[in-house]
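Asks: Residue numbers (my numbering), protein chains in the order written: chain B, 182 to 537; chain V, -10 to 350. Got a structure for you, questions after.
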């Protein structure tokens, strides 16, 4: 058990040195710059992208070149204020929105800061993440948690923001009929957000029975197990399970088949939102999509969604706690990663605690 | 493949009509003069333009799931003069010159009620099998889909409101607005109308691509700010060329060719957060760099015909914001329908839009 004085004097961090080489290192305690705060990190969730960096040394077009602190789904407590910080005080508990954009370029000015080409995003090389004892961050990207929202829930706001953004891009609203492909943490939370937005029915698909059972328990209207690679057949199965064809399909699995099926089953005039990442090149039924005006819209992280995600959790509209299935200390980070990547562990969201 | 035309008119027909009997077989025959049903008008047909889809039905007998199974009257880009009123027609009078919006939806389904009537599953669209078109001397149509032309708008312009409406719908779906930087892929008639509408909507730049240099020349004359002759299928390299030409990545790409490599170019070239609109239809399946589009939030939006665009198209032409007259390059009589279709098919003589005049001489 680390003593308080031991904790206060060192900054243990989980550093990914190269693929499959995750170490707990002592790193310098960072000092907050102007408009930044220093945080004692509380909880950090593990994301699929963290796992990819750990397993493969890369994720999409981002390649790990130098050792990098991992982790980006985090919450913490304010321990120091940089100059100019007005909206925070010591001891405030916050959720940390991990991407800080340049604020100067065209997309930043237009409000689509997620697309900023110079965004500094935690744990996207070469930017350090926040899986450590101490970390500094732009104060305006730290969102104060009400007393009744835990640090664990604060950490969950990151994936929840992805789901909020996806549903917004799909214009999910009152009366929408929704298909969610994939019942991992993102699929489940997307379902919860869709229901909160007023969707009248949400059907969720997956290849794994356990995940579907869990989804049903948390409120999915219908579940469909994917057992075929025939997209027409799957589209038909989904259509039969639902009361009406979906207005919006939110693809959360990254499966190419899912994307194609989503196009086939979505109502004319509707939309397929790509939250999961699939193959770089995919053969899609383009004439079907185009002549029925089924739009295909990708998402890249989120923008202006943290406050909404926080409001949904704080108000009780969404309960993210059941998704947190495993807990580890910072020093056990490797075990946490192994658990998160092992299907047999039945993990949904693995949480690492940095303040113990 | 050439088409047979059985009879080219003796001058005694009352309703000479151009009918596609089966692929490759267009015939001119006399049909009864139709009477207008309730809510319809009877029209003396004036100008009918020929579209790529008309040529496709003639050559292939089908487009996707729309299959010609019985003889069908051709023509859907049309204007006419009102000759008789059906019951309950209030807003038109005999003698009115009108543009005819060719698709009449059911008006009852969810799509119709929400304004997206182009997606109506029971749409009756001229010259899409099995629905007859309007390439005849006389034709009847729902009166509320006939738009009265101001006296200074010609009947030829009236016929061109149809492809122009495709351009309006595409530009609206793309979000073209003042200052937009637009890439149009394909300089055929549809690429041209998209370019004209984009400029009328205030686009700062319209760069247009094609594989044919002569089409790019015409595009330049009609107002394209820049052109790119496509000589490869390397969409990444082409995207860089587009950026060099415009000086920036386009906000919007309107793809009008349907070619796979062109759609790929549309994804690669468009700036993050922008939009790719698919107007052209080609192979039913294409391989696309989906992750590039998705992670840069380049939305991919298809269009199906148009809805609520005819009034806009008419206003643009009536005000002079768009001049469609230069698009008409060839004119034929109804009796010469076969030659008109051949010219359209081969694009002989630099044909852009071929128009058939249906009046009796």
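Positions of the beta carbon are idealized from the N, C-alpha and C atoms, including for glycine. From a predicted model like this one, the values you see are computed outputs, not experimental measurements.
1. Return helix, strand or coil for residue 85 of chain V, following the three-state DSSP convention.
2. Any contact between the segment 266 to 275 of chain V and the segment 476 to 485 of chain B? By contact I mean 3 or more CB pairs, one from each, below 8 Å.
3. Taking the runs of the beta strand (DSSP E) that are 3 residues or longer, which of them lie wholly in the segment 17 to 42 of chain V?
4. Against chain V, which members of the segment 454 to 473 of chain B pass a CB distance test of less than 8 Å?
5. Buried or exposed: where does residue 326 of chain B fall if 16 or more other Cβ atoms within 10 Å of its Cβ makes it buried?
6. For residue 289 of chain B, which residues in the same chain have their Cβ closer than 8 Å to its Cβ, ignoring the five residues on either side in sequence?
7. Thinking C-alpha only, which one of B:222, B:198, B:379 and B:200 is nearest residue 192 of chain B?
8. Going along chain V, which residues have a C-beta under 8 Å from residue 476 of chain B?
9. Checking 7 Å against the spacing of the C-beta atoms, do residue 302 of chain V and residue 154 of chain V come in under that value?
10. Within 10 Å of its beta-carbon, does residue 346 of chain B have 16 or more other beta-carbons around it, so buried, or fewer, so exposed?
11. Closer than 7 Å, CB to CB, is residue 96 of chain V near chain A or not?
12. Excluding five sequence neighbours on each side, which residues of the same chain lie with their C-beta closer than 6 Å to the C-beta of residue 222 of chain V?
13. Listing by chain order, which chain B residues have their CB less than 8 Å from the CB of residue 282 of chain V?
14. Can residue 73 of chain V and residue 31 of chain V be called in contact, C-beta distance under 7 Å?
15. Establish whether the CB of residue 182 of chain B and some CB of chain V are separated by less than 7 Å.
16. For the pair the segment 415 to 423 of chain B and the segment 367 to 376 of chain B, tell me if three or more CB-CB distances fall below 8 Å.
17. Residue -6 of chain V: buried (16+ other C-beta within 10 angstroms of its C-beta) or exposed?
18. Distance, Cα to Cα, residue 244 of chain B vs residue 164 of chain V?
19. With a CB to CB cut of under 6 Å and the five nearest residues on each side skipped, what residues in its chain are close to residue 342 of chain V?
20. For the segment 348 to 368 of chain B against the segment 318 to 325 of chain B, do three or more pairs of beta-carbon atoms, one drawn from each stretch, fall closer than 8 Å, so that the two count as touching?
21. Assign residue 95 of chain V to one of two classes, buried (16 or more other C-beta atoms within 10 Å of its C-beta) or exposed (fewer than that).
22. Would you call the segment 444 to 457 of chain B and the segment 302 to 309 of chain B in contact, with 3 or more CB pairs under 8 Å?
23. Using beta carbons (cut-off 7 Å, strictly below), is residue -6 of chain V in contact with chain B?
24. Shorter than 7 Å from the beta carbon of residue 288 of chain B to some beta carbon of chain V?
25. Can you list the residues of chain V that residue 241 of chain B reaches, using a CB-CB cut of under 8 Å?
26. Touching or not, the segment 289 to 303 of chain V and the segment 485 to 494 of chain B, by the rule of three or more beta carbon pairs under 8 Å?
27. For a quick check, are the C-beta atoms of residue 93 of chain V and residue 113 of chain V less than 7 Å apart?
28. Alpha carbons only, please: which of V:98, V:254, V:294 and V:61 is nearest the one belonging to residue 276 of chain V?
29. Measure from the C-beta of residue 293 of chain B to each C-beta in chain V and report whether the shortest distance is under 7 Å.
30. Quick one: residues in its chain with C-beta nearer than 7 Å to the C-beta of residue 256 of chain V, no 5 flanking neighbours on either side, listed in chain order?
31. Between residue 276 of chain V and chain B, is any beta-carbon pair separated by less than 7 Å?
32. Can a CB atom of chain B be found closer than 7 Å to the CB of residue 105 of chain V?
33. Who are the Cβ neighbours of residue -8 of chain V in its own chain at under 7 Å, not counting the five residues just before and after it?
34. Tell me, to the nearest whole angstrom, how far the beta carbon of residue 208 of chain V is from that of residue 184 of chain V; I am working on the premise that it is less than 8 Å.
35. Tell me, please, which residues DSSP counts as bridged to residue 207 of chain V.
36. The alpha helix (DSSP H) with residue 306 of chain V in it runs from where to where?
Replies: Taking the coordinates as given:
1. coil
2. no
3. 29 to 38
4. 455, 458, 459, 460, 461, 462, 463, 464, 465, 466, 467, 468, 469, 470, 471, 472 and 473
5. buried
6. 282, 283 and 297
7. B:222
8. 288, 289, 290 and 291
9. yes
10. buried
11. You won't find chain A in this structure, because its protein chains are B and V.
12. 250
13. 477 and 479
14. yes
15. Residue placement at residue 182 of chain B is poorly supported in this model, since its pLDDT is 49, which falls under 50; the coordinates still yield a value, given next. With 7 Å as the cut-off, residue 182 of chain B does not count as an interface residue toward chain V.
16. no
17. Note that residue -6 of chain V scores a pLDDT of 40, beneath 50, so its modelled location is shaky; the value from the coordinates is reported in the next line. Residue -6 of chain V should be labelled buried.
18. 35 Å
19. 38, 178, 316 and 317
20. no
21. exposed
22. no
23. Caution is warranted here: a pLDDT of 40 is assigned to residue -6 of chain V, below 50, making its placement in the model unreliable, and no coordinate value can be reported.
24. yes
25. 280 and 284
26. no
27. yes
28. V:254
29. yes
30. 265, 277, 278, 281, 282 and 287
31. yes
32. yes
33. Here the model assigns residue -8 of chain V a pLDDT of 38, short of 50, so the residue's position is not dependable, and the following value carries that caveat. Taken in chain order, the residues that qualify are 13, 14, 15, 47, 327 and 330.
34. 7 Å
35. None; residue 207 of chain V has no bridge partner.
36. 299 to 308
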